[in-house]
Amino acid sequence: MSWDRERQAEFDPFWENVTVTGHFYRRERKRMVLCSLGLTALLGYLVFVAKQSPLLFLVPPLVLLLAVGRMLLGGTRAFSRKMASLDPFRRERLLRAFQQSHPQCRLWSGEGHLLENCLLCRVGGRLRLIHLEKVTRTRRVEVSRLAGLVKVLILWSDAGSCRLEFSGKHRAELEEVEEWISRAGGKVGE
């Protein structure tokens, strides 16, 4: 559950001095490319086996273009507003904490960085910053009746709610995240 920045920097020099938004854009770009390749493979099956129109191969680049536009225009908007509202000392502490090795958890469509007193999440193509002292309550939900395939932790705060979805082998990290939230001053299970 830990993110070792020094180990990552050995393999990729980009990680030596990464910013929060740079990390977000890089991870989202990777996710989009993988999704586009999967969509291209499925459409290739339709074109070559099911004898559909070859114009279907225009769909992945168009979807990729829309996803990149959404990422650039709306992906970091709420995060940028929250960062601008922080006092400079707290903003600098948050950025410094992100630059160092810190715990990280894998989510269904992203990851969560467990920083000093906040949770920084890449969830569903958006970058979210959640201050733990503003979390008023949390709730754990099992979404699927079939062996609990997805476990969801919903965090409520003054600004709204955020869903953290844990699936597959990462479901065990839910308890660790709840413990971390309670240690950092958030209210768990209320």
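The sequence shown runs 30 to 219 under this note's numbering.
We put the CB at the ideal spot given by N, CA and C, even for glycine.
(message) My output table needs one value for Gln129: the three-state DSSP class, helix, strand or coil.
(response) Within the sequence shown, residue 129 is the residue found at index 100, counting from 1. Three-state DSSP puts Gln129 in coil, outside helix and strand.
(message) One question on the structure: do Val164 and Val181 come within less than 8 Å of each other, judged by their Cβ atoms?
(response) In the sequence shown, counting from the first residue as 1, residue 164 sits at position 135. In the sequence shown, counting from the first residue as 1, residue 181 sits at position 152. Taking 8 Å as the Cβ cut-off, Val164 and Val181 do not qualify as a contacting pair.
(message) Taking the alpha helix (DSSP H) that Val62 belongs to, which residues open and close that run?
(response) As a first step, residue 62 is located in the sequence shown; it is residue number 33 there, counting from the start. Per DSSP, Val62 belongs to the alpha helix (DSSP H) from Val49 to Phe77.
(message) Would Leu68 and Val88 be called neighbours here (beta carbons separated by less than 8 Å)?
(response) Here residue 68 is taken as the residue at index 39 of the sequence shown, counted from 1. Here residue 88 is taken as the residue at index 59 of the sequence shown, counted from 1. Yes.
(request) To the nearest angstrom, report how far apart Phe127 and Leu66 are at their CA atoms. (result) Sequence index remark: in the sequence shown, residue 127 carries index 98 (1-based). Sequence index remark: in the sequence shown, residue 66 carries index 37 (1-based). Their backbone Cα atoms lie some 31 Å apart in a straight line.
(message) Cutting at 8 Å between CB atoms, please list the residues of its own chain near Arg56, excluding the five before and the five after it.
(response) By one-based count along the sequence shown, residue 56 stands at place 27. So the qualifying residues of the chain are Gly139, Glu140 and Arg151.
(message) Strictly by DSSP, which residues pair up with Glu194?
(response) Here residue 194 refers to the residue found at position 165 of the sequence shown. Looking at the DSSP assignment, Glu194 forms a beta bridge with Val181.
(request) Under the assumption that Val49 contacts Leu203 (Cβ atoms under 8 Å), give the Cβ distance between them as a whole number of angstroms. (result) The sequence position of residue 49 within the sequence shown is 20, counting from 1. The sequence position of residue 203 within the sequence shown is 174, counting from 1. Not a contact, Cβ separation roughly 24 Å.
(message) My assumption, with CB atoms under 8 Å, is that Phe108 sits in contact with Arg157. Please give the rounded CB distance.
(response) For this step, residue 108 is matched to residue 79 along the sequence shown. For this step, residue 157 is matched to residue 128 along the sequence shown. Sure, about 7 Å apart at Cβ, within 8 Å.
(request) Go ahead and label Glu162 buried or exposed: buried means 16 or more other beta carbons lie within 10 angstroms of its beta carbon, across all protein chains shown. (result) Position 133 of the sequence shown holds residue 162. Counting the other Cβ atoms within 10 Å of the Cβ of Glu162 gives fewer than 16, which makes it exposed.
(request) With DSSP collapsed to three states, give me the class of Ala38. (result) Counting from 1 along the sequence shown, the entry for residue 38 is found at position 9. Only weak support exists for where Ala38 lies, its pLDDT of 49 falling under 50; the value from the coordinates is given anyway. Correct three-state label for Ala38: helix.
(message) My assumption, with CB atoms under 8 Å, is that Leu144 sits in contact with His160. Please give the rounded CB distance.
(response) For this step, residue 144 is matched to residue 115 along the sequence shown. For this step, residue 160 is matched to residue 131 along the sequence shown. Contact between Leu144 and His160 is ruled out by a C-beta separation of about 10 Å, above the 8 Å threshold.
(message) Measuring alpha carbon to alpha carbon, tell me which residue in Met100, Arg99, Arg135 and Cys147 is nearest Arg122.
(response) The count along the sequence shown starts at 1 and reaches residue 122 at position 93. Answer by Cα proximity: Cys147.
(request) State the beta-bridge partners of Gly141 as determined by DSSP. (result) Within the sequence shown, residue 141 is the residue found at index 112, counting from 1. Per DSSP, Cys134 and Cys150.
(message) Can you give me the C-alpha to C-alpha distance between Ser190 and Ile210, rounded to a whole angstrom?
(response) Along the sequence shown, one-based indexing puts residue 190 at 161. Along the sequence shown, one-based indexing puts residue 210 at 181. Cα-Cα distance, rounded: 15 Å.
(message) Once DSSP output is grouped into helix, strand and coil, what is the label at Val172?
(response) Locating residue 172 in the sequence shown gives position 143, counting from the first residue. Residue state, collapsed to three classes: coil.
(request) From the DSSP output, read off the bridge partner residues of Arg119. (result) Reading the sequence shown from its first residue, position 90 is the one you call residue 119. DSSP output for Arg119 lists no bridge partner at all.
(request) Check Gly98 in the structure and name its three-state DSSP category. (result) Here residue 98 corresponds to residue number 69 of the sequence shown, with the count starting at 1. In the structure shown, Gly98 adopts helical secondary structure according to DSSP, grouped into three states.
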